[in-house]
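Novice: My questions all concern the structure below.
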Amino acid sequence: MAEASTGGPDRDGDGSVEAEADAGADAGADAGADAGADVERGGYRQELKRTLGSFQVFAISFAFISVAVGVFGTYDEVLRTAGPVGIWLWLIAAVGQTLVALVVAQFAARIPLSGSSYQWASRLADPRTGWWFGWLTFCYLAIAVVAIDNALASQAFMPLVGLASDEDTARVITLAVLAVQALVAIASTRLVGWINSAAVGLEVALVVVVAIALVVAVLVTGDGSAANLTSRGVAAHAPGYFAVGGGLMLAMIMGLATLVGFDSAANLAEEAKDPHRSVPRAIVGSVVAAGILGMLFLIALTVAIEDVPRISADGSPVAAIMRERLGPAAEKVLLVAVSFAFFGAGVVVMVSCSRLVYAMSRDMRFPAHRVMRRVDPRTQTPVPATLLILALGFVLLVALPGAALLELITASTILPALIYGATIVLYLAVRRRLGRREGAFDLGRLELPVAVCALVWTLLALFVLVTPGEALVPVVIVAGLLLLGGLFFLGMLVFDREALDTEPGEDTFREGR
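Here the numbering used here = 1-based position in the sequence shown + 2.
So this is what it looks like as structure tokens:
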């Protein structure tokens, strides 16, 4: 096949073009068979449909991160707590999260199974450790989908259609969005891939075009100022600005809350083509792309501000800057694009969470696992697991009052830092026993220094997230989620210990196996 693939076009009518096409098809079939073999070696049947190409896998990770969504939702907080100069902390977060992504990609290249860190810890440490990884990730994703959709309703869709700010209306819209996303997730993984590819393409184009347009507008009108990039704005005289938990440190949360979820591609590894290459590249590439695009977007927005105090007081400063610099029509375009980006991100989170539930259930380690592991034979998607995420979203929105829901959403920013930190510790503990695969993503000699730097960064990120006084309630909520998980874990130890003592399949992911 290698010889056939190096040939040129068929200029002599000898059929070489057909030979090349056959060779390409054979190569694709070989990659698919190889990926399917990994699932079988893991002790499972290939039940999910492999439909996601390289760009679609990248789009899944990038859509979860969603630069436009992250900046749109947190820029106001940066302006109020740190001032415009706080945007530069995005660079630090981008570098740190890229280090984490490189470590996560090392695992994804070796164990391409749905469930990501749950699978990695179960097979390289033990099933009990893996269960805790799975539980933390489930809590994070189940909360995150509600957070994203509620932000879609209140910050993008309602302003777009001219609805006044109202919490009850936002909740009703959130419920409707959750239902539509569940239908999409159940219908087809390919459809999910298409939606996210379109959302990513639109978002990238939007960020680039808006950044250029804002810079041009500033140059033409003379409004705005490059001096904003070093201004503390309304936080200039705030007490404790440089203190631990102070205003400047709080600006780091924009990057920490946005540049997460890149491992979502690993949760869909059993639906990706050539996952040993496509999934790791998507994980790292999405963080790098989001970091660069986000920084350019933030610089353009900040330079375009004419009146820093007034924009800082606006509830939606990004939209306000767009409206003042580019006109009301541009603001509407922004809101449409951001709404679509929010929707795509929510779909990715719901799909990723359902795959985790499915992965844990087929190992008999999740409540109602006999139901949650079922895959629809027609759509080849885990329907009960998806409906569970929808039902949990409904419960959270209906049962929790506004303040409690907000605190729960805030708590979800702590969970990914915990998960990433634990994943890096796991990697440092088992890296010498990890198998190597020819052609798969591998850091080689850089793996140890990268992992150590990533761990230091994650500890710093956790410190930033839990230090502010406002973080006390979210920390308590995280402790409560751990306690709830501990009760179920204890029940498994008493009534179903075998599920936590054995691992499906052979141990084929370690060195020499």
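Glycine residues also receive a C-beta, built at the ideal position from the N, C-alpha and C atoms.
How many Å lie between Ala-343 and Ala-65 at the Cα?
Specialist: If you take the alpha carbons of Ala-343 and Ala-65, they lie about 7 Å apart.
Novice: Which partner residues of Ala-274 appear in the DSSP bridge assignment?
Specialist: DSSP, once it has assigned bridges, lists Leu-54 as partnering Ala-274.
Novice: Let's test the definition: count the other Cβ atoms within 10 Å of the Cβ of Pro-330 and tell me whether it reaches 16, buried, or not, exposed.
Specialist: Exposed, since its Cβ has fewer than 16 Cβ neighbours within 10 Å.
Novice: Are Leu-502 and Arg-130 closer than 7 Å when you measure CB to CB?
Specialist: Yes; because the gap between Cβ atoms is below 7 Å, this pair is in contact.
Novice: Taking buried to mean at least 16 other C-beta atoms within 10 Å of its own C-beta, is Val-397 buried or exposed?
Specialist: Counting Cβ neighbours within 10 Å, Val-397 comes out exposed, since fewer than 16 surround it.
Novice: Could you give the residue range of the alpha helix (DSSP H) that holds Asn-230?
Specialist: Per DSSP, Asn-230 belongs to no alpha helix (DSSP H) and is neither H nor E.
Novice: Report all residues from its chain with a CB closer than 7 Å to the CB of Ala-253; omit the five preceding and five following residues, and keep chain order.
Specialist: Counting only Cβ-Cβ distances below 7 Å, and skipping sequence neighbours, we find Val-80, Thr-83, Ala-84, Gly-88 and Leu-91.
Novice: Out of curiosity, what's the CA-to-CA distance linking Leu-399 and Ala-228?
Specialist: The alpha-carbon atoms of Leu-399 and Ala-228 are separated by roughly 42 Å.
Novice: Residues in the same chain with beta-carbon distance under 8 Å from Gln-48, minus the five sequence neighbours each way, listed in chain order, please.
Specialist: Gly-38, Val-41, Glu-42 and Glu-272, listed in sequence order.
Novice: Find the nearest neighbour of Leu-467 within the set Phe-345, Val-385, Ile-416 and Val-209, judged by alpha-carbon distance.
Specialist: Of the candidates Phe-345, Val-385, Ile-416 and Val-209, the one whose C-alpha sits nearest the C-alpha of Leu-467 is Ile-416.
Novice: Do Gly-242 and Ser-314 have their C-beta atoms closer together than 7 Å?
Specialist: No.
Novice: Go through its chain and collect everything with a Cβ distance to Ser-318's Cβ below 8 Å, but skip five positions before and after it.
Specialist: The residues are Phe-74, Asp-78, Gln-157 and Pro-161.
Novice: Let's see if you can read the secondary structure: which residues bound the alpha helix (DSSP H) around Phe-159?
Specialist: Looking at the DSSP string, Phe-159 is not in any alpha helix (DSSP H), and its letter there is neither H nor E.
Novice: Between Gly-132, Val-353 and Ile-113, which lies nearest to Pro-277 when the distance is taken from Cα to Cα?
Specialist: It is Ile-113.
Novice: Taking only three categories from DSSP, how would you classify Leu-445?
Specialist: In the structure shown, Leu-445 sits in coil (DSSP, three-state: anything other than H, G, I, E or B).
Novice: Using a threshold of 7 Å, state whether the C-beta atoms of Thr-412 and Thr-191 are closer than that.
Specialist: Cβ atoms of Thr-412 and Thr-191: not closer than 7 Å.
Novice: Taking all protein chains shown into account, do 16 or more other C-beta atoms lie within 10 angstroms of the C-beta of Thr-139, making it buried, or fewer, making it exposed?
Specialist: Counting Cβ neighbours within 10 Å, Thr-139 comes out buried, since at least 16 surround it.
Novice: In three-state DSSP terms, what is Leu-474?
Specialist: Helix.
Novice: Under a Cβ-count criterion, where at least 16 other Cβ atoms within 10 Å of its own Cβ denotes burial, should Ala-292 be classed as buried or exposed?
Specialist: Ala-292 is buried by the Cβ-count criterion.
Novice: Taking C-alpha atoms, which residue in Trp-122, Leu-390 and Arg-376 lies nearest to Leu-50?
Specialist: Ranking Trp-122, Leu-390 and Arg-376 by Cα distance to Leu-50 puts Arg-376 first.
Novice: Pair every Cβ in the region 249-264 with every Cβ in the region 330-339, then say whether three or more of these pairs are closer than 8 Å.
Specialist: Flag = no, the region 249-264 and the region 330-339 do not touch.
Novice: Are at least three pairs of beta-carbons, each pair with one atom in the region 201-219 and one in the region 351-363, less than 8 Å apart?
Specialist: The region 201-219, when compared against the region 351-363, does not touch it at the 8 Å Cβ threshold.
Novice: Shortest alpha-carbon distance to Arg-435 belongs to which of Gly-55, Leu-126, Ile-67 and Ala-405?
Specialist: Residue Leu-126 is the option with its Cα nearest to Arg-435.
Novice: Which residues mark the beginning and the end of the alpha helix (DSSP H) in which Trp-196 is found?
Specialist: 191-223 is the span of the alpha helix (DSSP H), which, as asked, contains Trp-196.
Novice: Which parts of the region 379-424 are runs of the alpha helix (DSSP H), unbroken and 4 residues or longer, counting only runs that do not cross its ends?
Specialist: Segments of the alpha helix (DSSP H) lying fully in the region 379-424: 385-401 and 404-413.
Novice: Curious, which full-length alpha helix (DSSP H) runs of at least 4 residues does the region 260-328 contain?
Specialist: Listed in chain order, they are 266-269, 277-305, 310-315 and 319-328.
Novice: Using CA coordinates, which residue listed in Pro-476, Pro-451, Gly-348 and Ala-215 is at the minimum distance from Ala-201?
Specialist: Taking only the C-alpha atoms, the option nearest Ala-201 is Gly-348.
Novice: If you compare alpha carbons, which of Asp-444, Leu-450 and Val-97 is closest to Leu-430?
Specialist: When only C-alpha atoms are compared, the closest one is Leu-450.
Novice: Give the C-beta separation of Gly-117 and Asn-230 to the nearest angstrom, bearing in mind that I take them to be a contact with Cβ-Cβ under 8 Å.
Specialist: Between Asn-230 and Gly-117 the Cβ distance is about 45 Å, and since that is not below 8 Å, they are no contact.
Novice: Please list the terminal residues of the continuous alpha helix (DSSP H) segment that includes Ala-108.
Specialist: With the sequence shown as reference, residue 108 is identified as Gln, and Ala is not the correct amino acid for it. Gln-108 -> alpha helix (DSSP H) spans 91-112.
Novice: When we look at the beta-carbon of Asp-498 and count the other beta-carbons within 10 Å, is it buried (16 or more) or exposed?
Specialist: The residue is exposed, with fewer than 16 neighbouring Cβ atoms inside 10 Å.
Novice: Should Thr-176 and Ala-144 be called a contact, given that it needs their Cβ atoms to be closer than 7 Å?
Specialist: No, Cβ-Cβ distance for Thr-176 and Ala-144 is not below 7 Å.
Novice: Write down the C-beta distance between Val-350 and Asn-152 rounded to the nearest angstrom, noting that I regard them as a contact closer than 8 Å.
Specialist: About 16 Å; that fails the 8 Å criterion.
Novice: Could you spell out where the alpha helix (DSSP H) holding Gln-48 opens and where it closes?
Specialist: Taken as a continuous stretch (DSSP letters only), Gln-48 belongs to no alpha helix (DSSP H), as it is neither H nor E.
Novice: Okay, do the region 244-252 and the region 55-71 touch, 3+ Cβ pairs below 8 Å being the bar?
Specialist: No, the region 244-252 is not in contact with the region 55-71.
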